[in-house]
């Protein structure tokens with residue numbers, strides 16, 4: 001079956017993520033847009049994944065529990081997990097690698113940790129916009145060893161992308177790649193290239209997505225679908 | 001200058017010296033490695049804070065014989081190993097990229 005997929009969204013925890021980006025509202029917005037599999041991928045932090053899990057259950061969307069890690073190479077990589085607990089544990093590990101720089105809400109927003117109703121439980125004090133002390137290779141190894149998926153984000157972006165920051169794609173075990181305009185990527189790199197919304201505002205949830213042929217709507221189905229690579233896009 | 005002459009510059013320390021037969025005639029300062037690949041000239045030393053294995057791949061692609069890692073950053077073992085395999089030398093300094101660039105420009109009479 002062909003499913004609608006969006007594996008890149010930021011909540012109000014992410015720097016520059018709007019305060020309206022409550023995990024519950026992201027799930028409802030995605031439901032309205034017909035997304036079947038949805039990931040929450042805050043920068044370097046997993047602390048809003050629990051309300052996201054609860055909201056996706058209500059909306060009957062398959063949740064994928066993720067983060068967007070900023071490596072020492074300043075490359076953004078999506079790490080995605082089936083189980084909330086695995087994603088949270090990986091998130092706590094990443095938090096230990098963050099530099100001791102406090103967030104300045106004037107520039108980067110409040111970094112709110114919320115519950116399913118949108119109540120602010122606390123704010124994350126350290127800046128999440130910086131690189132954390134982990135290399136691209138180590139992110140991939142750590143993530144795959146925990147049965148995660150690892151997807152270099154927006155490879156066609158001029159900043160924080162693997163191609164702009166390194167100039168080439170190292171031969172590593174990516175689960176897939178993500179691009180803003182996959183139709184313009186000249187090389188296939190022998191990987192499935194996805195499109196994700198990279199939403200920081202509510203109206204951006206599901207603004208970019210792709211269709212993927214899967215056997216079933218499950219994490220295992222997604223994993224196999226990425227290997228099979230039958231992906232399609234709406235070209236604007 | 002020879003690659004090994006870099007360690008004569010004040011505050012520069014050798015991490016790994018490989019293939020000292022290569023001559024350095026120029027330098028390129030940058031942390032955006034795609035920009036380095038696109039613009040670096042031949043026989044250049046790379047001045048950067050990018051202390052990881054992929055910097056070695058960039059140097060190898062662009063025929064750069066040496067790297068100066070700035071701001072006192074340390075080099076991981078896999079980077080040092082990759083450098084040895086690719087005949088690329090690594091030096092570190094507590095200088096900023098600007099400070100290191102000025103010193104190398106003087107040493108090269110640029």
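Protein chains in written order, with this note's numbering: chain A, 1 to 236; chain B, 1 to 110. By construction, the Cβ of each residue, glycine as well, lies at the ideal position given by its N, Cα and C atoms.
* To do: Just the chain B side, please: which residues come within less than 9 Å of residue 170 (chain A) by C-beta, in chain order?
  => Walking along the first chain from the start, residue 170 (chain A) turns up at place 170. Residues of chain B passing the Cβ test: 53, 54, 57.
* Asked: By Cβ distance, which residues of its chain are closer than 6 Å to residue 198 (chain A), with the 5 residues on each side in sequence left out?
  -> Residue mapping note: residue 198 (chain A) aligns to position 198 of the first chain, counting from 1. Closer than 6 Å at Cβ, skipping near neighbours: 8.
* For residue 97 (chain B), go through chain A and note every residue whose CB falls closer than 7 Å to its CB, in chain order. => The sequence position of residue 97 (chain B) within the second chain is 97, counting from 1. Those within 7 Å of residue 97 (chain B) in chain A number zero; the least Cβ separation is about 15 Å.
* Asked: Run through DSSP, which three-state label would residue 225 (chain A) get?
  -> The residue labelled residue 225 (chain A) in the question sits at position 225 within the first chain. If DSSP states are grouped into helix, strand and coil, residue 225 (chain A) belongs with the helices.
* For residue 193 (chain B), return the contacting residues in chain A, with the cut-off set at a CB-CB distance below 8 Å. => Chain B is shown from 1 up to 110; residue 193 (chain B) falls before or after that span and cannot be answered.
* Identify the contact partners of residue 121 (chain B) in chain A, using a Cβ-Cβ distance below 9 Å as the criterion. => Absent from the model: residue 121 (chain B). The displayed extent of chain B is 1 to 110, so no value can be given.
* Determine the chain A residues that contact residue 37 (chain B) at a beta-carbon separation under 8 Å, and present them in chain order. => Locating residue 37 (chain B) in the second chain gives position 37, counting from the first residue. Those within 8 Å of residue 37 (chain B) in chain A are 167, 168.
* To do: Along the alpha helix (DSSP H) that carries residue 30 (chain B), what are the first and last residues, could you check?
  => On the second chain, residue 30 (chain B) is found 30 positions in, with the first residue counted as 1. It is not in any alpha helix (DSSP H) - residue 30 (chain B) carries neither H nor E in the DSSP assignment.
* Looking at the structure shown, is residue 63 (chain A) part of a helix, part of a strand, or coil, going by DSSP? -> On the first chain, position 63 is the one that residue 63 (chain A) refers to. It is a strand residue.
* Asked: Using CA coordinates, which residue listed in B:83, B:22, B:76, B:103 is at the minimum distance from residue 58 (chain B)?
  -> Within the second chain, the letter at position 58 stands for residue 58 (chain B). Cα-wise, what sits closest to residue 58 (chain B) is B:83.
* Asked: Does the region 13-30 of chain B come close enough to the region 85-96 of chain B to have 3 or more Cβ pairs within less than 8 Å?
  -> At 8 Å Cβ cutoff, the stretches touch.
* Asked: Taking the alpha helix (DSSP H) that residue 23 (chain A) falls in, what are its first and last residues?
  -> Residue mapping note: residue 23 (chain A) aligns to position 23 of the first chain, counting from 1. Here the alpha helix (DSSP H) through residue 23 (chain A) covers 23-32.
* Looking at C-beta atoms only, is the number of pairs between the region 82-99 of chain A and the region 45-65 of chain A that lie closer than 8 Å three or more? -> Yes, the region 82-99 of chain A is in contact with the region 45-65 of chain A.
* Output yes if chain B places a C-beta closer than 8 Å to the C-beta of residue 72 (chain A); else output no. => Along the first chain, one-based indexing puts residue 72 (chain A) at 72. Chain B, which has a Cβ nearer than 8 Å to the Cβ of residue 72 (chain A), makes this yes.
* Are at least three pairs of beta-carbons, each pair with one atom in the region 126-138 of chain A and one in the region 95-115 of chain A, less than 8 Å apart? -> Note that the region 126-138 of chain A touches the region 95-115 of chain A; at least 3 beta-carbon pairs, one per stretch, sit closer than 8 Å.
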